[in-house]
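Q: Under the UniProt record's numbering, the first residue of the sequence shown carries the number 1, and numbering increases by one thereafter.
Okay, here's the structure, questions in a sec.
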Amino acid sequence: MRIGIDVGGTNTDAVLLDGEVVLADVKTATSADVTTGIVNALEALRRQRPFDPAGVHAVMLGTTHFINAIVEADRLAPTAAIRLGLPTTAALPPLVEWPERLVRAIGGQAYLCHGGHEFDGRIISPLKRSELVRIAEELGEAGIRSIALSSVFSPVNAEMEQEAASILLDQLPDVHISLSHEVGRVGLLERENATIINACLRELAEQICTGLAQTLADAGFNAPLYLSQNDGTLMEVGYAREYPVATFASGPTNSMRGAAFLSGLGHCVVVDVGGTTSDVGILESGFPREATAEVSVGGVRTNFRMPDVLSIGIGGGSRVRTDGDLPTVGPDSVGYRLREQARVFGGPTLTATDIAVAAGMADIGDRARVRDLAPGMVRAAVETMTAQVASAVDQMRTSPEPLPVVLVGGGSILLTDDFPGATKVHRPDHYANANAIGAAIAQIGGEVDRIFGVEPGKRDSVLDQAKEEATARAVAAGAEPSSVEIVDVDEVPVAYLPGNATRIRVRAVGDLVLTSDR
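Structural data, given as structure tokens:
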């Protein structure tokens, strides 16, 4: 058996799976401290379907802890950004274009040093040990506890980042160091930004991962804990301590993977309606389509793996206002206070859930409390919600061909089955807990993303090399070797670089090796 848990802004969902059979699924309110909500969800699972924690072989968790810390600029460690690239790159120093509130939150220390490589591995300038020793002295005096280290074209050649990290650790043995070639992709500023974000979250990741593991142990679970990544795969809790940035978009990703599992569809549109937002994404080969452009997190441009998701402010807790000619829905929401605030639960606030109950689309709470709502207003509110989500679905399509739409999430009770451009609308069993199911069924992945020099006649051998590396990374991360398959290959010629330079991205995934399988 395995347990999947997904922590959202409004609800914490949990499921108990035995193979591909859902034995129990629950939805509880997310708590302000998050951990309490997880404990409540586990207790609710055991009440619904009693089980022995010793029979659970893995616990998979998708959490909003880390992205919330960046969005709120809270609980971030004092962090220094060091770039190896002089005499180039000085025009755009580290932290350029960062929001001032985030710069203040992490201390705003940025340094430029000699070093770096060209795209083909040639050295821009030699590394200078004296520069790094001087910087280490300054950082020690300033009380910096985390360092983000980036070098120009480090995904091509990571030697300078590794050497610089060794020098810094000799001087500052207690600091956390995040290396950009391990965090982001080709693209200096965006990769550097992702690395700085990762570095300032390292202390928080240590605290949270330790707390989550202790919470499970206190509840009687000795199964390994895995966290969901942005691309729909899993990472061990030890990996999450070092790379918390990889968890940022796990919520929408889990929902889409769960939708694929529940519907049996590999290519479709997924609409996940939660308590605060509706997330719309596209599944390709059973995995979320990745964003091809830069992704902004808390106002900072990054380029780490993120799903291509469009979020709109329509959810079960969305406030409904009736002051104008037509009702408006959202984007603000009562969030996890839905059971205190919504009218059907005795609260004072008219929400989208109240509209769904009044329209006969849902049977929760006390329907008598919304009988006074005018039928015309209720119909207009339902049409408004469906139209906004349908518009988001249309924006996400890349071709005029109609696609099936899968509705998941507890808030999908707000929507009708009438979607323009959809071949069919699916609302599968257990749709309300698709996010937790997606976490529970997630696989282990490995990826290669770098620039290769492809000589004439050597394309196939270069691709084979990249595929072998991606497969090896998946196996090293815990995938069963015989189950690993290549799910994505992308080649982009880099015209502005010489030598037939081509950016190649390969992703491999495989099934998780559970303790009982070993």
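We treat Cβ as the ideally placed atom computed from N, Cα and C, and that holds for glycine.
Comparing alpha-carbon positions, which option in P402, P375, P348, D323 lies nearest I282?
A: Nearest of P402, P375, P348, D323 to I282, Cα basis: P402.
Q: Looking at R49: is its Cβ nearer than 8 Å to the Cβ of A69?
A: No, they are not a contact pair.
Q: Hey, I147 and A217 are a contact pair by Cβ (cut 8 Å); roughly how many whole angstroms apart?
A: Between A217 and I147 the Cβ distance is about 32 Å, and since that is not below 8 Å, they are no contact.
Q: Give, in chain order, every unbroken run of the beta strand (DSSP E) that is at least 3 residues long and sits entirely within the stretch 275 to 363.
A: Qualifying beta strand (DSSP E) stretches, in chain order: 278 to 284, 295 to 297, 300 to 302, 309 to 312, 318 to 321, 328 to 333.
Q: Whose CA, out of I5, T10, R2, lies closest to the CA of I314?
A: The shortest C-alpha separation from I314 is found at T10.
Q: With DSSP collapsed to three states, give me the class of G37.
A: Three-state result, G37: helix.
Q: Is it buried or exposed for A417, if we count other Cβ within 10 angstroms and need 16 for buried?
A: Looking at the sequence itself, residue 417 is Asp, so the reference to Ala does not match. The residue is exposed, with fewer than 16 neighbouring Cβ atoms inside 10 Å.
Q: Buried or exposed: where does P99 fall if 16 or more other Cβ atoms within 10 Å of its Cβ makes it buried?
A: P99 comes out exposed.
Q: Can you confirm whether the stretch 392 to 400 touches the stretch 359 to 374 when touching is taken to mean that 3 or more C-beta pairs between the two stretches lie within less than 8 Å?
A: As far as the Cβ criterion goes, the stretch 359 to 374 does not touch the stretch 392 to 400, which means the pair count is below three.
Q: Can you tell me whether R507 is helix, strand or coil according to DSSP?
A: It is a strand residue.
Q: Under a three-way DSSP split, which group does I123 fall into?
A: If DSSP states are grouped into helix, strand and coil, I123 belongs with the strands.
Q: Can you tell me the Cα-Cα spacing of I486 and S461, whole angstroms?
A: Roughly 16 Å between the two C-alpha positions.
Q: Over the uninterrupted beta strand (DSSP E) stretch that includes I70, give me the two end residues.
A: Looking at the DSSP string, I70 is not in any beta strand (DSSP E); the run it does join, the alpha helix (DSSP H), is 65 to 72.
Q: I need the DSSP call for K467, collapsed to helix, strand or coil.
A: Here K467 sits in helix by DSSP.
Q: Return helix, strand or coil for H181, following the three-state DSSP convention.
A: Reduced to three states, the DSSP call for H181 is helix.
Q: List the DSSP bridge partners of G411.
A: Bridge partners of G411: none, in fact.
Q: For F261, which three-state DSSP category applies?
A: Note: F261 maps to helix in three-state DSSP.
Q: Using beta-carbon positions only, say whether L514 and H57 come within less than 8 Å of one another.
A: Yes, the pair counts as a contact, with Cβ atoms nearer than the cut-off.
Q: Check for me: the alpha helix (DSSP H) holding A194 runs from which residue to which?
A: Note, A194: alpha helix (DSSP H), 188 to 200.
Q: Roughly how many angstroms lie between the CA atoms of E294 and A194, to the nearest whole one?
A: Answer to the nearest angstrom: the Cα atoms are 11 Å apart.
Q: Note the first and the last residue of the continuous beta strand (DSSP E) segment covering A148.
A: Its beta strand (DSSP E) spans residues 146 to 151.
Q: Could you check what DSSP says for D170 in three-state terms: helix, strand or coil?
A: Note: D170 maps to helix in three-state DSSP.
Q: Report back the beta-carbon spacing between V405 and V269 to the nearest angstrom; my notes put them in contact at under 8 Å.
A: Confirmed, Cβ separation roughly 5 Å.
Q: List, from N- to C-terminal side, the alpha helix (DSSP H) runs of 4 residues or more that fit wholly inside the stretch 74 to 131.
A: For the stretch 74 to 131, whole alpha helix (DSSP H) runs of length 4 or above, ordered along the chain, are 100 to 106.
Q: Say whether chain C places a C-beta atom closer than 8 Å to the C-beta of I124.
A: Judged by its chain identifiers, the structure shown contains no chain C, having just a single protein chain.
Q: List the residues that DSSP assigns as beta-bridge partners of V270.
A: According to DSSP, V270 bridges with G281, V406.
Q: Could you tell me the alpha carbon to alpha carbon distance between V156 and G121, rounded to whole angstroms?
A: Rounded to the nearest angstrom, the two C-alpha atoms are 6 Å apart.
Q: Around the C-beta of K458, are 16 or more other C-beta atoms found within 10 angstroms, so that it is buried, or is it exposed?
A: Classification for K458: exposed.
Q: On a CA-only basis, which of G143, I135, G251 is nearest D308? Give me that one, please.
A: Checking every option, the nearest Cα to that of D308 belongs to G251.
Q: To the nearest angstrom, how far is it from the Cα of residue 537 to the Cα of H65?
A: Outside the modelled stretch of the chain, which goes from 1 to 518, sits residue 537, for which no answer is possible.
Q: Taking Cβ positions, are V26 and L45 nearer each other than 8 Å?
A: Their beta carbons are under 8 Å apart, which means V26 touches L45 by this criterion.
Q: Answer yes or no: do G445 and A466 have a C-beta to C-beta separation smaller than 8 Å?
A: Going by C-beta atoms, G445 is not nearer than 8 Å to A466.
Q: Please give the ranges of any beta strand (DSSP E) in the stretch 419 to 476, keeping only runs that are unbroken, at least 3 residues long and fully inside the region.
A: If we require 3 residues or more, the beta strand (DSSP E) runs fully inside the stretch 419 to 476 come out as 422 to 426, 443 to 453.
Q: Assuming I177 and L169 are in contact, meaning their beta carbons sit under 8 Å apart, how far apart are those beta carbons, in whole angstroms?
A: About 7 Å separates the two Cβ atoms, so the contact holds.
Q: Pick out whichever of R427, L338, V454, D363 has its Cα sitting closest to the Cα of T30.
A: Here the closest residue by C-alpha is L338.
Q: With distances taken Cα to Cα, identify the nearest neighbour of G238 among C209, S125, L61, S228.
A: Here the closest residue by C-alpha is C209.
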